[in-house]
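Residue numbers (the numbering used here), protein chains in the order written: chain A, 1 to 76; chain B, 1 to 379.
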C-alpha cells in the first residue's frame, strides 16, 4: 500500500520546497506520494515543471490562504 | 541523584550545547545535581568549512583540527565510542563497544555525511572537498589539470548551501592564476530551476556567471556518472562531458539514526520551533540531524544549539521553557579569492545579500580562526 509523506516547507527559504521534495523522493518507494506545503507561490510553477521533466506524477495542487498544497507521486 | 544530560555527537552543534550548558549550569554541575556526558566518533574536532580552501592550498590541514577534549569543557566526560543504538522509549543509548548510557535529557547531534556511493559511478568519477580525503584528491587533480571541461555538480540534499558557488568562483580564479583559464570551461549544474536555492542569491549569481563565462545547467539531478566515458547524466535527460568532475555529493544522516528507526535517511523528524524530536519532551535534535526544511549549515547548528542551551538549562533549573528557535541562518559567501558577501534569514525574514567586498572576505578569514571560540561557546 502506498504511503504519503508530508513536508511542511512553509516559510522555507533555503533549500526551499522543491529541493526538499527532490531529497524526499529519494527516500520513498515508487507509488508513494509526497505532499509539499509551501508559502512560495513559485512552488506552484516550479514543482510541476520539474515533475514533468523527470516524469513523476502530479496528483494535485491547491492553494488556500496563501499556502500551496502540492502532491506528487513517485513514478520511477 | 544527578539529572543526566547525554549528548550524542561531537561536532559543532553538540560541542556548543555541552559548553553552553557548562556555563549556565555551573553550580548544578559543581553540586552534582546535573551531569553532562558526550559520546562521539573521533577524538579530533574538524573545522569543516575549512575544507573549501584545502584543494587550493589556502589552508593547512593542521589548522582544520583540534583535540576534541581541548575544545570541550573539562567538566564533560568525552567518550570516543560511536552510538550504535538510540532507544528513546527506554532512554538508553548503546555504543559500538556495548556500553550503555541512560539519560534524563538526550541531545542528538550526529550530523550528516556525503553519499557519493548513492549515485552510480560518482565515487569512481568524481572529486569533492566535503571530506579531507576528497579535498586532498581534488587538490592533486587540480595540480595536474592543464585545461579542459570542468563540471561543478550539485546534488540534493547537501550541507553548506553556498559552498558550491564558492568553489566555482574560487576554481575560476585558481585556473586564471595558473594560466589555464582560456583552455578551460566551467559548467555548474544545480538541482532546481535556478542557480541557487535562495532566490536573491540565484539572481545575483546570473550576471556574475555571465561576467566570468561560467556556463550552467539547471534542473540537473544526477542519475549516473560514467567514469570511463567521462560523462555525467541527469534524471532530466541531459548528459555533460567532463575532464574534471567536481561534485557536491548527496548527503544522508548517520546510520545510527536509521538503525534506531528514528527517521528516514538519517534525518530525525523535529519540531521546528522547539527542536524537540516529534512526540518527545526530553530528546532534542540539533544541526544537520533534524529534518527541518532549513539550510544544513554551521550557523544553523550554532543558533539551534544556543536555543537548546537556553531551554535545557532553564528546564533543569526551573522546569520552564525559555524560548523558541526562530529559524536563523547566517552564511558567508566567498565570491572569489579576495571578495565575499553574506546572507542571513529566518523563518519569517527573507534573505537579501549585499554587494561583495574585500572586507567581508576578511571577516570570513577571521571567522576561520574564531570558529574555535564559537565551538567553545565564547562567540
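We treat Cβ as the ideally placed atom computed from N, Cα and C, and that holds for glycine.
query: Where does residue 387 of chain B fall in DSSP's three states?
result: Because residue 387 of chain B is not part of the residues shown, which for chain B are 1 to 379, the question remains open.
message: Could you pull the DSSP bridge partners for residue 375 of chain B from this structure?
response: Paired residue(s): none; residue 375 of chain B is not in a bridge.
query: Taking Cβ positions, are residue 283 of chain B and residue 305 of chain B nearer each other than 8 Å?
result: Not in contact: residue 283 of chain B and residue 305 of chain B (Cβ atoms no closer than 8 Å).
query: Taking 8 Å as the CB-CB limit, is residue 48 of chain A close to chain B?
result: Chain B contact via Cβ: absent.
query: Name the chain A residues that come within less than 8 Å of residue 193 of chain B, Cβ to Cβ?
result: Those are 18, 46, 49, 50, listed as they occur along chain A.
message: So residue 31 of chain A contacts chain B; which residues on that side make the cut at Cβ distance below 8 Å?
response: None at all; the shortest Cβ gap to chain B is about 16 Å.
- request: Kindly indicate the opening and closing residues of the beta strand (DSSP E) around residue 331 of chain B.
  value: Looking at the DSSP string, the run of the beta strand (DSSP E) that includes residue 331 of chain B is 329-334.
task: Could you check what DSSP says for residue 168 of chain B in three-state terms: helix, strand or coil?
output: Here residue 168 of chain B sits in helix by DSSP.
task: Please classify residue 195 of chain B: does DSSP put it in a helix, a strand, or coil?
output: Reduced to three states, the DSSP call for residue 195 of chain B is coil.
- prompt: Under a three-way DSSP split, which group does residue 118 of chain B fall into?
  reply: It is helical.
message: Give me the residue from A/6, A/58, A/22, A/3 with the minimum Cα distance to residue 250 of chain B.
response: The candidate whose alpha carbon is nearest that of residue 250 of chain B is A/22.
- prompt: Quick one: which chain B residues come within Cβ less than 8 Å of residue 11 of chain A?
  reply: At a beta-carbon threshold of 8 Å, the residues of chain B lying near residue 11 of chain A are 327, 347, 348, ordered along the chain.
message: What does the alpha-carbon distance come out to for the pair residue 381 of chain B and residue 317 of chain B?
response: Because chain B here runs from 1 to 379, residue 381 of chain B falls outside it and cannot be looked at.
Host alpha helix (DSSP H) of residue 19 of chain A (start-end): Counting along the chain, the alpha helix (DSSP H) containing residue 19 of chain A begins and ends at 17-25.
task: Compare the beta carbon distance of residue 39 of chain A and residue 4 of chain A with 8 Å and say whether it is the shorter of the two.
output: Cβ atoms of residue 39 of chain A and residue 4 of chain A: not closer than 8 Å.
task: Could you tell me which residues DSSP pairs with residue 177 of chain B in its beta bridges?
output: Answer by DSSP bridge pairing: none, since residue 177 of chain B is not bridged.
query: Nearest to residue 80 of chain B by alpha carbon, out of B/74, B/351, B/363, B/68?
result: Among B/74, B/351, B/363, B/68, the Cα nearest to that of residue 80 of chain B is on B/68.
- prompt: Could you give the C-beta distance for residue 238 of chain B and residue 109 of chain B, rounded to a whole number, given that I count them as a contact under 8 Å?
  reply: Incorrect: roughly 38 Å between the Cβ atoms, too far for contact.
message: Taking only three categories from DSSP, how would you classify residue 339 of chain B?
response: Note: residue 339 of chain B maps to coil in three-state DSSP.
query: Where do the ends of the alpha helix (DSSP H) carrying residue 15 of chain B lie?
result: Start and end: 12-24.
- prompt: If we call anything under 8 Å between Cβ atoms a contact, is residue 97 of chain B one with residue 14 of chain A?
  reply: The answer is no: Cβ separation not under 8 Å.
query: chain B partners of residue 23 of chain A, CB-CB under 7 Å?
result: In chain order: 156, 157.
Boundaries (first-last residue) of the beta strand (DSSP E) holding residue 278 of chain B: Following the DSSP letters along the chain, one finds residue 278 of chain B in no beta strand (DSSP E), marked with neither H nor E.
query: At least one CB of chain B closer than 8 Å to the CB of residue 77 of chain A: is that the case?
result: This structure cannot speak to residue 77 of chain A, because chain A is shown only from 1 to 76.
- prompt: Any idea if residue 58 of chain A is buried or exposed, counting beta-carbon neighbours within 10 angstroms, 16 or more meaning buried?
  reply: With fewer than 16 other Cβ atoms within 10 Å, it is exposed.
task: Would you identify the three-state DSSP class for residue 13 of chain A, choosing helix, strand or coil?
output: In the structure shown, residue 13 of chain A sits in coil (DSSP, three-state: anything other than H, G, I, E or B).
query: Given that a residue counts as buried once 16 or more other Cβ atoms are within 10 Å of its Cβ, and exposed if not, what is residue 277 of chain B?
result: Buried, by the Cβ-count rule.
query: Is residue 71 of chain B helix, strand or coil by DSSP?
result: Here residue 71 of chain B sits in helix by DSSP.
Proximity test, Cβ basis, 8 Å: residue 34 of chain A and chain B: Taking 8 Å as the threshold, the shortest C-beta distance from residue 34 of chain A to chain B does not fall below it.
Residue 73 of chain A, enclosing beta strand (DSSP E) - first and last residue: For residue 73 of chain A, the enclosing beta strand (DSSP E) stretches over residues 67-73.
task: Flag this pair as yes or no: are the beta carbons of residue 60 of chain A and residue 68 of chain A separated by less than 8 Å?
output: Contact flag unset, no.
task: With hydrogens ignored, establish whether the beta-carbon of residue 322 of chain B is closer than 7 Å to any heavy atom of the ligand FAD.
output: The ligand FAD is not part of this structure, which contains no ligands at all.
query: Just to confirm, are residue 246 of chain B and residue 333 of chain B a CB contact at a threshold of 8 Å?
result: No, the Cβ-Cβ distance between residue 246 of chain B and residue 333 of chain B is not below 8 Å.
message: Please give me, in chain order, every unbroken run of the beta strand (DSSP E) with length at least 3 that falls completely inside the region 95-149 of chain B.
response: For the region 95-149 of chain B, the full-length beta strand (DSSP E) segments reaching 3 residues or more read 100-102, 105-108, 112-114 along the chain.
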